[in-house]
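Right, one structure below, let's go through it.
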Amino acid sequence: MAEFLSLHEAIARHVHDGDTVALEGFTHLIPFAAGHEIIRQKRQNLTLIRMTPDLLYDQMIGMGCASKLIFSWGGNPGVGSLHRLRDAVEKHYPAKLEILEHSHAAMACAWEAGAAGLPLAVLRGYIGSDLPRVNQDIRHIDCPFTGERLAAIPANRPDVTVIHAQKADRAGNVLIEGIIGVQKEAVLAARRSVVTVEEVVDSLEAHPNACVLPAWAISAIAVAPGGAAPSYTHGYYGRRNDFYKQWDTIARDRDTFRQWMEDHVMNVEEGVSA
Amino acid sequence: MAEFLSLHEAIARHVHDGDTVALEGFTHLIPFAAGHEIIRQKRQNLTLIRMTPDLLYDQMIGMGCASKLIFSWGGNPGVGSLHRLRDAVEKHYPAKLEILEHSHAAMACAWEAGAAGLPLAVLRGYIGSDLPRVNQDIRHIDCPFTGERLAAIPANRPDVTVIHAQKADRAGNVLIEGIIGVQKEAVLAARRSVVTVEEVVDSLEAHPNACVLPAWAISAIAVAPGGAAPSYTHGYYGRRNDFYKQWDTIARDRDTFRQWMEDHVMNVEEGVSA
Amino acid sequence: MSDMPPVHDSTTARDYTATEMMTVTASRALTNGTTCFVGIGLPSEAANLARLTHAPDTVLIYESGTLQTRPDVLPLSIGDGELCDTALSTVSVPEMFRYWLQGGRVDVGFLGTAQIDRYANLNTTLIGDYREPKVRLPGGGGAPEIATNSREVFVMIKHSPRAFVEEVDFITSLGFGRDGRARDDLHPETARHTGRGPTLVITDLCLMRPDPDTHELVVTSIHPGVTREQIVDATGWPVRFVDAPEATPEPSGHEVSTLRELKARTERHHSGHHEEKSA
Amino acid sequence: MSDMPPVHDSTTARDYTATEMMTVTASRALTNGTTCFVGIGLPSEAANLARLTHAPDTVLIYESGTLQTRPDVLPLSIGDGELCDTALSTVSVPEMFRYWLQGGRVDVGFLGTAQIDRYANLNTTLIGDYREPKVRLPGGGGAPEIATNSREVFVMIKHSPRAFVEEVDFITSLGFGRDGRARDDLHPETARHTGRGPTLVITDLCLMRPDPDTHELVVTSIHPGVTREQIVDATGWPVRFVDAPEATPEPSGHEVSTLRELKARTERHHSGHHEEKSA
């Protein structure tokens, strides 16, 4: 049952060293405020799951939080490389990063299977791709009806999923609108979940078939206005595309990156770090 | 791409003798008008798929349209038996009806798999049930990661799916609201699809994450106001619970049933049969 | 989950029927805050009574996709508009069965049945032989997976020798199998995702629970005014009683009147056409 | 699908860049009414240009879940708010990949790539060895399944020897495999659900198509002002030409001005903060 906590408390209580952690959000609603709090609390040795690592995981990897990354597309969307991710993979800086790599279709199915309580996801995927050669988690099953060989991958089952959403009502039910990505699946697939929201309202005023997470499917809710910036929150604020472009320069150099993180994440208070 | 047709023309063109046909709608939005048109056009030898056969399939079976039924719960909800279905199964009247029986969970997964273009659905289902003994389509696979034995059933892939929905816009995009059941899946799983709607509007005015079927995923649309009665259309009219209770009497006797069908379906014009 | 919570209004009802006794007793089995997957009919009545009395925060889920619904009247069908209108959210039926039931979010599956046997197996499929049935029943519906994917299962059924049989003609939904051992030797991964099965059977005469060792259903509590002989006569196997069966507490006046009001509201609602807009 | 539709405004543009030539040519490859799964970057530019010129009813799908979207400016990312605001509907990402892509609803998958080889295999994973890469690229994203689940695939990539290689370091997304035969011996059920693969490669110098027999990419059309030598020099394998390559038609003035307006609108939109409400 969702508890309303401060962001500091929510992360302290639910994200532990060595955990498998997913911060999800497909371009939209990326939980930057929560990720920055994880960095400030100096979590170590995390296995990070995320379809599109994006700037937030570049920051977490560059700050040494992660030992493993499970992902399907690791770039700065529309801009280019994630330099901290590349530095970790190519030069093992600041530490060696093990990677386990999927396609989007497979990762989306792995979230769906995790939410559905299944051990595996089945898809018509990876045909002719070299990815199964480098990822031992890509296996196959034979369809007992048609004999067709289909790809199978393990369901995503993180210890904790962290997402950002538009709003919660006072009972702790959460509304997600717009590009909803895999957030519902990622929360339901996890043992624990932390949701940051723009605001708490009396009523969600949601359409009957809107994407709503009930309070009893969530561990903790923290109010974090602007908590998705520099990504965006549909209905609240737009994406800071300029910052995504600037990040390319900031992250290219180890020292520039470190200084930026000190100035904008490490030495700021919770909630004003974006 | 959706063509706007009369109900008569839509059924004549898309539902053929011997087809595998699904008329879906989970209590809500049951396509009675379309089903009655199928009966009037005297379709024969259909394999009918539907999670909850309900009154409409009782009528179609009683009128001799079907040779096989794939289903998961065949009753008059909250009332009792479907007497025409029972007469077909127990006494082979008006003809022998082959049945293939699943659970709801399995049928829902079979629709999901059909929409997803997969040959099979995988679920943790049928544990300890006798259903796999009487349904050869319930098989098993072994998870290559955990060794767990999971149930597998074939995806539903009908020749044609027929559903009822609230409204279409002039381009042929369709909005479904309220209890959405398996309608989107049933349409996407089928080779062809016919959608009856309450009305055609200039704009669907749909919430961004509403259940919408694009025109290019539909074969034909027919305007059929009241087309779900005696079931209901959320936002338009309520369920005729009294009729569901009366049906028990009407359908219990072969002659009473036949007379009712003559009076209310066979000898009425399209669209006023409910 | 299945412990009886304290009754808040202790004034005993002056008169009540055996069915009301059954429904009130079943409602008391639901702890406040429980997430309950509700079958139509008797379970729906009991679950909504719980929500209207001692357990206002009970979360009710119906297989039509309606999550956390608070109907003002009892639904006639599992997909009445009332369920959607009063739900927190309505999801597709595949999502309901995949994410919410199979995903392990349901505390209590609350089922009715046509037949139940000594090992709490449920039959809603047919009487007689499968290919040439004597009586064809509606079938499994949601029950086969509600019975295994919920953390535990409550069953409501009126006591009669036709309903309480030594061995069901067909196991639609698993209790504990034909030998009482079916839940003991599951694959560890399956076992981790499979609930305890039926932990409580509520009838109009008594409460039954599975014996901790053999999983045979035994009488643990007898309703007021009911004799052991009545229970024995209404049970199709040589039924056992625990050493000291409890006396089921009587319903309170508040519970019975709440139930009667709910049923009267429901009756008024479901009679006549409802052509008005449902949203 | 890949036949060139007639150009409506036949006035040839007075000046245009090689990149504009590529984008306009790619846009012309999309027939009106085509359902197109769009990759970010060059394909997104070309697909939207098609929608704004000869193919207004082209259905654009982005992997973020936005179905039938009509962005007024080009998205910087695959999940920009603009895509949702102008979409017919926005579905979850699992639904997008399962129902819409794998479900067989996509006519054309429109992809960019870092490397492409003789048999049209695409590499967006890395240069060098997998465990010790020289250059780590972003990875597969949606491409591996777009490449196989779409009915056919168009690829846009600027011509250079680093991009057009004899054999890719890593097959992220299948063209025709290392021997050109990978799509020939699929299980019948797989084959029934697998598209024709890359049928058209659009570069800034020419068009290439797979040879009908060997599936080797061959030059079928040469852009205005481009020489065969330029193409040979920019291709990392001994590239072949069809017997009589076509001359790619020049872009029209209308197409070039529409493209430039789209890019200018996009530039204005993406510069500076966008703190205003996105809905």
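Chains as they are written, first to last, in UniProt numbering: chain A, 1 to 274; chain B, 1 to 274; chain C, 1 to 279; chain D, 1 to 279. We put the beta carbon where it would ideally sit given N, CA and C, even for glycine.
Q. Can you name the residues of chain B whose CB is closer than 7 angstroms to the CB of VAL122/A?
A. LEU118 and VAL122
Q) Where does PRO224/C land, buried or exposed, given buried means 16+ other C-beta within 10 angstroms? A) exposed
Q: Report yes or no: is there a C-beta of chain B within less than 8 angstroms of the C-beta of GLY140/C?
A: yes
(Q) In the DSSP output, what is CYS206/D paired with across the bridge? (A) ILE222/D
(Q) So with CB distances below 7 angstroms, who are the chain A contacts of THR27/B? (A) Result: empty, since nearest Cβ-Cβ is about 15 angstroms, beyond 7 angstroms.
**Q.** Spatial distance of VAL7/C from LYS263/C (CA atoms)
**A.** Residue placement at VAL7/C is flagged as unreliable, the pLDDT there being 47, under the threshold of 50; the coordinate-derived value follows with that caveat. If I take the Cα positions, the gap works out to 21 angstroms.
(Q) Taking the alpha-carbon of GLU198/A as reference, which of ARG43/A, ILE179/A and TYR236/A has the nearest alpha-carbon? (A) TYR236/A
Q: Kindly say whether HIS104/A, judged by its beta-carbon, lies nearer than 8 angstroms to any beta-carbon of chain B.
A: no
Q: Report the rounded CA-to-CA distance for ALA210/A versus LYS167/A, giving the unit in angstroms.
A: 13 angstroms
**Q.** C-alpha gap between LEU131/B and ASN32/C, whole angstroms
**A.** 35 angstroms
Q. Using Cβ-Cβ distances below 8 angstroms, what residues of the segment 57 to 82 of chain C are close to chain A?
A. VAL59, LEU67 and GLN68
Q) Looking at the structure shown, is SER273/A part of a helix, part of a strand, or coil, going by DSSP? A) Here the model assigns SER273/A a pLDDT of 45, short of 50, so the residue's position is not dependable and the matter cannot be decided.
Q: Residues of the segment 18 to 52 of chain C with a CB closer than 7 angstroms to any CB of chain A: list them in chain order, please.
A: THR35
Q. Where does ALA95/A land, buried or exposed, given buried means 16+ other C-beta within 10 angstroms?
A. exposed
**Q.** Where HIS159/C falls, given that 16 or more other Cβ within 10 Å makes a residue buried
**A.** buried
**Q.** Where the beta strand (DSSP E) through LYS263/C begins and ends
**A.** Looking at the DSSP string, LYS263/C is not in any beta strand (DSSP E); the run it does join, the alpha helix (DSSP H), is 253 to 270.
Q.
Give me, in chain order, the residues of the same chain whose beta-carbon lies closer than 8 angstroms to that of THR248/C; leave out the 5 immediate sequence neighbours on both sides.
A. MET21, THR25, CYS206, LEU207, SER221, ILE222, HIS223 and PRO224
Q: Give the secondary structure of ILE157/C by DSSP, where H, G and I count as helix, E and B as strand, and everything else as coil.
A: coil
Q) Between GLY177/C and GLY125/B, which are expected to be in contact by the criterion C-beta below 8 angstroms, what is the C-beta distance as a whole number of angstroms? A) The pair is not a contact, with the Cβ atoms about 16 angstroms apart (cut-off 8 angstroms).
Q: Just list the beta strand (DSSP E) runs in the segment 27 to 51 of chain B, keeping only unbroken ones of 3 residues or longer that don't cross its boundaries, in chain order.
A: 46 to 49
Q) Measuring CB to CB, does VAL38/D end up less than 8 angstroms from PHE97/D? A) no
Q: Flag TRP111/A as yes if its beta-carbon sits less than 8 angstroms from any beta-carbon of chain C, otherwise no.
A: no
**Q.** Contact set between ASN209/A and chain B, taken where Cβ atoms lie within less than 8 angstroms
**A.** GLU177, GLY178, ILE180, HIS207, ASN209, ALA210 and CYS211
Q: Would you mind giving the Cβ-Cβ distance between GLY141/D and SER72/A, rounded to the nearest angstrom? I have them listed as a contact below 8 angstroms.
A: 6 angstroms
Q: Establish whether the CB of ALA279/C and some CB of chain B are separated by less than 8 angstroms.
A: No answer about ALA279/C holds up, because its pLDDT of 35 lies below 50 and its placement is not dependable.
**Q.** Cβ contact check for the segment 42 to 56 of chain C and the segment 255 to 267 of chain A: 3 or more pairs under 8 angstroms
**A.** no
**Q.** For LEU217/C and LEU114/B, the rounded distance between their alpha carbons
**A.** Per the sequence presented here, residue 114/B reads as Gly, with Leu not at that position. GLY114/B and LEU217/C: Cα-Cα distance of roughly 41 angstroms.
Q. Nearest to SER6/A by alpha carbon, out of ASP253/A, ARG240/A, VAL194/A and SER67/A?
A. VAL194/A
Q | Any chain B beta carbon closer than 8 angstroms to ARG98/D | A | yes
Q. Of the choices HIS193/C, LEU126/C and ALA163/C, whose alpha-carbon is the least far from that of THR146/B?
A. HIS193/C
(Q) If contacts are defined as beta-carbon pairs under 8 angstroms, then VAL239/D and VAL219/D qualify, I think. What distance do you get, rounded to the angstrom? (A) 6 angstroms
Q) What three-state label does DSSP hand TYR232/B in the structure shown? A) strand
Q.
If you reduce the DSSP assignment to three classes, tell me which class PRO53/A lands in.
A. coil
Q: Measure the C-alpha to C-alpha separation of HIS270/D and ASP85/D and round it to an integer number of angstroms.
A: 16 angstroms
Q | From ARG191/B, ASP242/B and HIS16/B, residue whose alpha carbon lies closest to that of ASN45/B | A | HIS16/B
Q: Assign SER44/C to one of three DSSP states: helix, strand, or coil.
A: helix
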